[in-house]
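This report concerns only the one structure given below.
Chains as they are written, first to last, in the numbering used here: chain B, 233 to 540; chain D, 6 to 293.
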């Protein structure tokens, strides 16, 4: 035991020495870390702590243990709808947008430099053009002036306009469509960049070794060489796919018909900024937080095995 | 440090059929992506009788600037002048981006080039924070803002943007490519770490900070101020835009005009910085 204690003391001394020598590093990093702690770390901790309280912003929070979580899973039917929608949504947009990011980046990589720059702009533009997704709302507008209704009416597919944004069976597919349109963002750029730095000699060597077509090349060379980019892209896409709210609210309103567009995020907004049931909203936030981190970690573990 | 991007697509193992398929799929994708943008551009220039035409026509036939005129009138008559919304958005976007670049580079440099206790922990916290969306913590964020007395203040939107984690992540990854020998020789010449950062490191990571400008500016350009800003005088352009759109079908033309104004800025920034952004993203990989 004594030797362990001595070992730790020595280790501690060494760390302290190193810390004293790194004063400049700490000084440089301090402003960022301070603000990062205040606006990112502290809120997560607070959210977890508040989730076990009853808190309405007027009275001080009162500790109630697991009650919020019990209420969420056992009594709140709307929450279960939200969970179902969120998972359905993430299970579709997550993988589809991820693959779309990669496949389009891979296709674009085959083009000549000028065309490549143009196509990159074209595919990336929606994700940075802010509120332009509202244009979808006008296109799906429920009267005959909506572009899609107008077209369907003109060619006789339907005889009266469809209320796309009000009928439950259309709501989720439309949100998914718009979200996919918005999703070729940061990871798409990362893939474009990653494809350009794959060592070219690998392809030449592979051709000699009997790789016959672009699909084999993709599977045996490109994907393994891109692993770190694939992991980065996965983080961005997964996080995005679980956080749908602003698009849903802007497109189909809140609350949507039969809660068809209701997600964990909008449920959180409902309790947080409308009903001011902060403890309960924090429980929702904590669950969403754990779901996001959990699925990210799971996918990271899966991608790590890629090409091994 | 200097990245050599591949200039020509390679030709081994490429069949004609495969090329044809790729072009077809790219064309479909491009149409889907471009459609709402083209729709927005066209609607912005449509006269009212074309907007309310049945069946609706996709492309504009007699382009006019009426919608922009209407937008100007609408904004001139609104309680808060349009220029005010524009000023608010600009102020938030410029200050937020500036602060973000300064703070993120200052933090990225030691994380990339110094070894010190806690560096790994800080970096993994940053990577972890990429794994959840900021909206999740909206409630405690609001509470913290109100404790700090920043509610209904530009700072409530500007300051959190400083610590946007993606920016630090990209900056740090990119700085790792700088050869240690250069830094070491500067240290020999007696340069302090701060001098090394501003005089040597920053000029050689131009692509990275241009990328941070793009991401951060675009983020703040689209912000409505949300729950943090309630004073009409302090509201932003996207907020004004959503108010106009709430006017319904009668405002379709004006809404399209605003949409066009809103998207021009980030898209222009991207056109200018595109090659630098791609260069930065070459070091965005997440290592195990």
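Heads up, the beta-carbon is just placed ideally off N, CA and C, and yes, glycines get one too.
Interface annotation, residue 179(D): not in contact with chain B, CB-CB separation never under 8 angstroms. For residue 19(D), the three-state secondary structure derived from DSSP is coil. For residue 158(D), there is no enclosing alpha helix (DSSP H), since its DSSP letter is neither H nor E. Using a Cβ-Cβ cut-off of 8 angstroms, residue 515(B) does not count as an interface residue toward chain D, since no Cβ of chain D sits closer than that to its own.
Residue 298(B): not part of any alpha helix (DSSP H); DSSP gives it neither H nor E. Across the structure, residue 82(D) and residue 513(B) are spaced so that their CA atoms are roughly 40 angstroms apart. Any Cβ of chain D closer than 8 angstroms to the Cβ of residue 241(B) would place that residue at the interface, and such an atom is absent. Cα atoms of residue 121(D) and residue 290(D): separation of roughly 23 angstroms, rounded to the nearest angstrom.
By the Cβ test, the segment 257 to 268 of chain B is in contact with the segment 116 to 130 of chain D, since at least three Cβ pairs between them sit closer than 8 angstroms. Just measuring C-alpha positions, the residue of 238(D), 223(D), 246(D) sitting nearest residue 273(D) is 223(D). Between residue 164(D) and residue 230(D), the C-beta gap is not smaller than 8 angstroms, which leaves the two residues out of contact. Rounded to whole angstroms, the gap between the alpha carbons of residue 73(D) and residue 453(B) is 52 angstroms. For the alpha helix (DSSP H) assignment, the uninterrupted runs of no fewer than 4 residues enclosed by the segment 487 to 512 of chain B are, from N- to C-terminal side, 496 to 501.
With respect to chain B, the C-beta atom of residue 249(D) has no partner C-beta closer than 8 angstroms. A Cβ-Cβ separation of about 34 angstroms leaves residue 168(D) out of contact with residue 350(B) under the 8 angstroms criterion. The beta carbon of residue 20(D) sits closer than 8 angstroms to some beta carbon of chain B. A residue is called buried once 16 or more other Cβ atoms fall within 10 Å of its Cβ, and residue 277(D), having fewer, is exposed. Given a length threshold of 4 residues, each whole run of the alpha helix (DSSP H) inside the segment 358 to 426 of chain B is given here in chain order: 366 to 371, 379 to 386, 400 to 414.
A straight-line Cα-Cα distance of about 19 angstroms links residue 490(B) and residue 506(B). Within 10 angstroms of the beta-carbon of residue 356(B) lie 16 or more other beta-carbons, which makes it buried.
Per the C-alpha coordinates, the member of 435(B), 246(B), 465(B) positioned closest to residue 132(D) is 465(B).
Listed in chain order, the alpha helix (DSSP H) runs fully inside the segment 242 to 273 of chain B are 255 to 268, counting runs of at least 4 residues. For the pair residue 32(D) and residue 22(D), the Cα-to-Cα distance works out to about 15 angstroms. Counting C-beta pairs with one atom in each stretch, the segment 39 to 47 of chain D and the segment 365 to 377 of chain B have three or more that are closer than 8 angstroms, which means they touch. Put simply, the backbone Cα of residue 291(B) is about 11 angstroms away from that of residue 509(B).
Taking the CA atoms as reference points, residue 293(B) sits about 4 angstroms from residue 287(B). Residue burial annotation: residue 305(B) is exposed, with fewer than 16 other C-beta atoms found within 10 angstroms of its C-beta. For residue 286(B), the beta-bridge partners assigned by DSSP are 294(B). Inter-segment contact for the segment 59 to 70 of chain D and the segment 378 to 394 of chain B is present: three or more beta-carbon pairs are separated by less than 8 angstroms. For secondary structure counted as the beta strand (DSSP E) over 3 or more consecutive residues, the segment 18 to 54 of chain D holds no complete run. At a cut-off of 8 angstroms, the C-beta of residue 311(B) has no neighbouring C-beta in chain D. For residue 258(D), the enclosing alpha helix (DSSP H) stretches over residues 257 to 286. The count of Cβ pairs closer than 8 angstroms, one atom from the segment 183 to 200 of chain D and one from the segment 232 to 252 of chain D, stays below three, leaving the stretches out of contact. Residue 355(B) belongs to the set of residues whose beta carbon lies under 8 angstroms from a beta carbon in chain D.
For residue 88(D), the uninterrupted alpha helix (DSSP H) segment begins and ends at 87 to 118.
For a Cβ distance threshold of 9 angstroms, nothing in chain B lies close to residue 208(D): the least Cβ distance comes to about 17 angstroms.
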